[in-house]
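Enquirer: Take a look at this one; I'll ask things after.
Chains as they are written, first to last, in this note's numbering: chain A, 23 to 590; chain B, 7 to 163.
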């Protein structure tokens, strides 16, 4: 065990990656813009500077801890430097905080307040650049960029995409796709991980709040909401609710108060996905065609596969994603009801389906032609957790004070298998449960301990299904998916079933979730999801009575039309 | 769309340097020497061959002032505006050249693709100030008139 002296206090350390980690462990929250524990160290923002006993100033993120080090974190010189850095950043920064998408969650704003910046002596004479509004998922405003490079490294190191990078140099430097292309012209998959790490308003979520408010106010529209699994463990973040706590009941109540006519759970859609995807896996295992079967519930992954690995497109399941399955079902129900109304010459209201999702890529998914049924979008709008938080706040509702309410019927029941879609490995676990077909706790445990849980980048498992060994892989994050696909291409590995979630740890850390999403938040959300599953009375999708009802009712004879992609 | 010959030439250049990621700069330097500019299509092509993201390759190419995505003229004129040249009146030379050639800060190359006019921060020939170069040939102790005369000569050549 080694020790160093931080601000005259002895602090022990073991194998910390850098001095900054030791300082933070000791309880001092040294500010940073460009440091993320999961990314490489960049050392650009210089906010984490410290001074040693000889008066040398260095960035603590880029220094290896040494035994006997003596450092100070808050000397007058350091205070002066940090303030100057913020002031210079602000000098070239748009200062319209009140109208900024990141107002209240902006690190630059937070640190300006924390470090007591009261005046910026310099005028902003930087040339204003146009916003990139081309993507359906995120908006890029280069005028709010502080060049910390977090998005660049996330896109490259974690996601393996490398859409964004620095270009030009000196005062002309900016973060941009190659040749200043619009995001829509690149291979961007819309995962929004760049937005999740962006400390300012330079990358923000494309907002769909306004048309939803308009629909809620329109008495002729029946607005139906569905809530994705990962939303309920994150939407409490901005209301002071404990991180990772299941706030589904409160969210349902809040959505009713702001005017949603019916509120359902995408977990039910996930149950339908489990049914269809299990069937597809069994069929493919029997025919031996297009193996491995790739999951299709993550739209960023589907787009990634199309862009970079088109040869694997045929392996992707034809199943629609849970939100699309549920959307198609709700629209079909509405069509049937409208038909009945017509026969009995009654007026009927138009149905609008709004999905509350942790994801920015889902915004692009709903406009893809294969997700239309009879020429109509299955889901009309996707609101991210961040947007629904804003709407609840705008309506003056404190989620922490709302009495929880139950979901609507007839689709308001779901299984624990549907709930775990929100984390990496969840889809696989749900499908395996269905195929094993047993709800005995020993059998469930055997599946959960087969190696598919956890936060490793690539997880592998072998399970026995009716005497046949099925090889499974779970890719956690697009960077790992790329690694896996390359190995598959080289013929080094073979699988029967592969799950890919574009975001590391799954939807709980999606690009539309409330920020900041630090390691502790991720852990709490992950545990929250598994807790929902362990508390669920129904563990298997096929044991959900509503699933049986819809298969015998609305879905009868239309399974393929409503639950699978028409074009594939 | 570029002619196939451009890609064949690029393949040759890549073969010469090897497809190591570190070879990016020498490769695009050679392409620029070959065509007097760096065609964007070829930068993306090289990036693909070397396994570098397009955005990263663009980042490298824009970092260095030397790389140009625009085709350059037959004569590339560099007017030095380093401190020594500047105090010895390089700006009047530059302005005269702008007016002689019908160019500006935004428009660097003449329509007939004969001249490209650039400024540089220092050519390292401060003793010869004010200095300019045409395709790496150095012209010392220039005046606006001498510069205009040089243009006339080059046009005639």
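Where is the CB? At the ideal position from N, CA and C, for every residue including glycine.
Give every residue of the same chain whose Cβ lies closer than 7 Å to the Cβ of residue 79(B), excluding the five residues on either side of it in the sequence, and list them in chain order.
Expert: Hits under 7 Å: 115, 116, 119, 120, 121, 122.
Enquirer: Let me confirm a value: residue 172(A) is counted as buried when at least 16 other C-beta atoms fall within 10 Å, else exposed. Which label applies?
Expert: Buried, because 16 or more other Cβ atoms sit within 10 Å of the Cβ of residue 172(A).
Enquirer: With a threshold of 16 other CB atoms inside 10 Å of the CB of residue 144(A), please say whether the residue is buried or exposed.
Expert: With fewer than 16 Cβ atoms within 10 Å of its Cβ, residue 144(A) is classed as exposed.
Enquirer: Going straight from the alpha carbon of residue 85(A) to that of residue 540(A), what length do you get?
Expert: Cα-Cα distance, rounded: 22 Å.
Enquirer: Could you round the C-beta distance between residue 550(A) and residue 267(A) to whole angstroms and report it? I think they count as a contact, below 8 Å.
Expert: Yes, residue 550(A) and residue 267(A) are in contact; Cβ-Cβ is about 6 Å, under 8 Å.
Enquirer: Compare the C-beta of residue 113(A) with all C-beta atoms of chain B and state if any pair is closer than 8 Å.
Expert: No - not a single Cβ of chain B is within 8 Å of the one on residue 113(A).
Enquirer: Should residue 380(A) be labelled buried (16 or more other beta-carbon atoms within 10 Å of its own) or exposed?
Expert: It is buried - the Cβ of residue 380(A) has at least 16 other Cβ atoms within 10 Å.
Enquirer: Which residues mark the beginning and the end of the alpha helix (DSSP H) in which residue 547(A) is found?
Expert: That run of the alpha helix (DSSP H) goes 541-557.
Enquirer: Mind checking which residues open and close the alpha helix (DSSP H) that includes residue 36(B)?
Expert: Residues 30-41.
Enquirer: Following the continuous beta strand (DSSP E) through residue 93(A), name the residue where it begins and the one where it ends.
Expert: 92-94 is the extent of the beta strand (DSSP E) around residue 93(A).
Enquirer: Within 8 Å (strictly less), CB to CB, does residue 145(B) reach chain A?
Expert: Not closer than 8 Å to any Cβ of chain A, the Cβ of residue 145(B) fails to qualify, so no.
Enquirer: Measuring CA to CA, which of 99(A), 39(A), 178(A), 23(A) is closest to residue 58(B)?
Expert: Cα-wise, what sits closest to residue 58(B) is 178(A).
Enquirer: In this structure, how does DSSP classify residue 315(A) when only helix, strand and coil are distinguished?
Expert: Three-state result, residue 315(A): strand.
Enquirer: Measure from the alpha carbon of residue 99(B) to the alpha carbon of each residue in 150(B), 143(B), 52(B), then state which is nearest.
Expert: Cα-wise, what sits closest to residue 99(B) is 150(B).
Enquirer: Does chain B have any CB closer than 8 Å to the CB of residue 151(A)?
Expert: Output row for residue 151(A): interface = no.
Enquirer: For residue 564(A), which of 489(A), 293(A), 473(A), 557(A) has the nearest alpha-carbon?
Expert: Ranking the options by Cα distance to residue 564(A), first place goes to 293(A).
Enquirer: Give me the Cβ distance between residue 353(A) and residue 373(A), rounded to the nearest whole Å; I'm assuming they're in contact under 8 Å.
Expert: Confirmed, about 7 Å.
Enquirer: Taking Cβ-Cβ distances shorter than 7 Å, what residues in chain B pair up with residue 185(A)?
Expert: Those within 7 Å of residue 185(A) in chain B are 61.
Enquirer: Please list, in chain order, the residues of the region 182-206 of chain A that have any C-beta partner in chain B closer than 7 Å.
Expert: Per Cβ criterion, the list reads 184, 185, 186, 187, 188, 189, 190, 191, 199, 200, 201.
Enquirer: Kindly identify the DSSP beta-bridge partner or partners of residue 372(A).
Expert: Residue 372(A) pairs with 243(A).
Enquirer: Short of 8 Å in beta carbon distance, which residues of its chain neighbour residue 302(A), apart from the five on each side in sequence? Order them along the chain.
Expert: Contacts found: 315, 339, 340, 341.
Enquirer: Going by DSSP, what residue range makes up the alpha helix (DSSP H) through residue 333(A)?
Expert: From DSSP, residue 333(A) is part of no alpha helix (DSSP H); its letter is neither H nor E.
Enquirer: Within 10 angstroms of the Cβ of residue 162(B), are there 16 or more other Cβ atoms? Answer buried if so, exposed if not.
Expert: Per the 10 Å Cβ criterion, exposed.
Enquirer: Hey, residue 124(B) and residue 84(B): beta-carbon distance below 8 Å or not?
Expert: Cβ atoms of residue 124(B) and residue 84(B): closer than 8 Å.
Enquirer: What are the partner residues of residue 405(A), as DSSP defines its beta bridges?
Expert: Paired residues: 378(A).
Enquirer: Does the beta carbon of residue 16(B) come closer than 8 Å to any beta carbon on chain A?
Expert: It does not: the Cβ of residue 16(B) has no partner Cβ on chain A nearer than 8 Å.
Enquirer: Confirm, please, whether the CB-CB distance from residue 65(B) to residue 356(A) is below 8 Å.
Expert: Not in contact: residue 356(A) and residue 65(B) (Cβ atoms no closer than 8 Å).
Enquirer: Cα separation between residue 93(A) and residue 32(A)?
Expert: One C-alpha to the other measures close to 10 Å.
Enquirer: Hey, is residue 65(B)'s beta-carbon within less than 8 Å of any beta-carbon in chain A?
Expert: Cβ-Cβ to chain A under 8 Å: yes for residue 65(B).
Enquirer: Report the residue ranges of all beta strand (DSSP E) runs contained in full by the region 258-319 of chain A; include only those spanning at least 3 residues, in chain order.
Expert: If we require 3 residues or more, the beta strand (DSSP E) runs fully inside the region 258-319 of chain A come out as 284-287.
Enquirer: Across which residues does DSSP place residue 97(A) in a beta bridge pair?
Expert: Its beta-bridge partners do not exist; DSSP assigns none.
Enquirer: Tell me whether residue 166(A) counts as near the ligand SAH, meaning its Cβ is closer than 7 Å to at least one heavy atom of that ligand.
Expert: Among the components modelled here there is no ligand, and therefore nothing to report on the ligand SAH.
Enquirer: Taking all protein chains shown into account, decide if residue 471(A) is buried (16 or more other Cβ within 10 angstroms of its Cβ) or exposed.
Expert: With fewer than 16 Cβ atoms within 10 Å of its Cβ, residue 471(A) is classed as exposed.
Enquirer: My assumption, with CB atoms under 8 Å, is that residue 175(A) sits in contact with residue 64(A). Please give the rounded CB distance.
Expert: That pair is a contact at about 7 Å.
Enquirer: What are the start and end residues of the alpha helix (DSSP H) that includes residue 154(B)?
Expert: It spans 150-162 - the alpha helix (DSSP H) in which residue 154(B) sits, taken as one unbroken run.
Enquirer: Measure the alpha-carbon distance for residue 484(A) versus residue 491(A) and round it to whole angstroms.
Expert: Approximately 6 Å between the Cα atoms of the pair.
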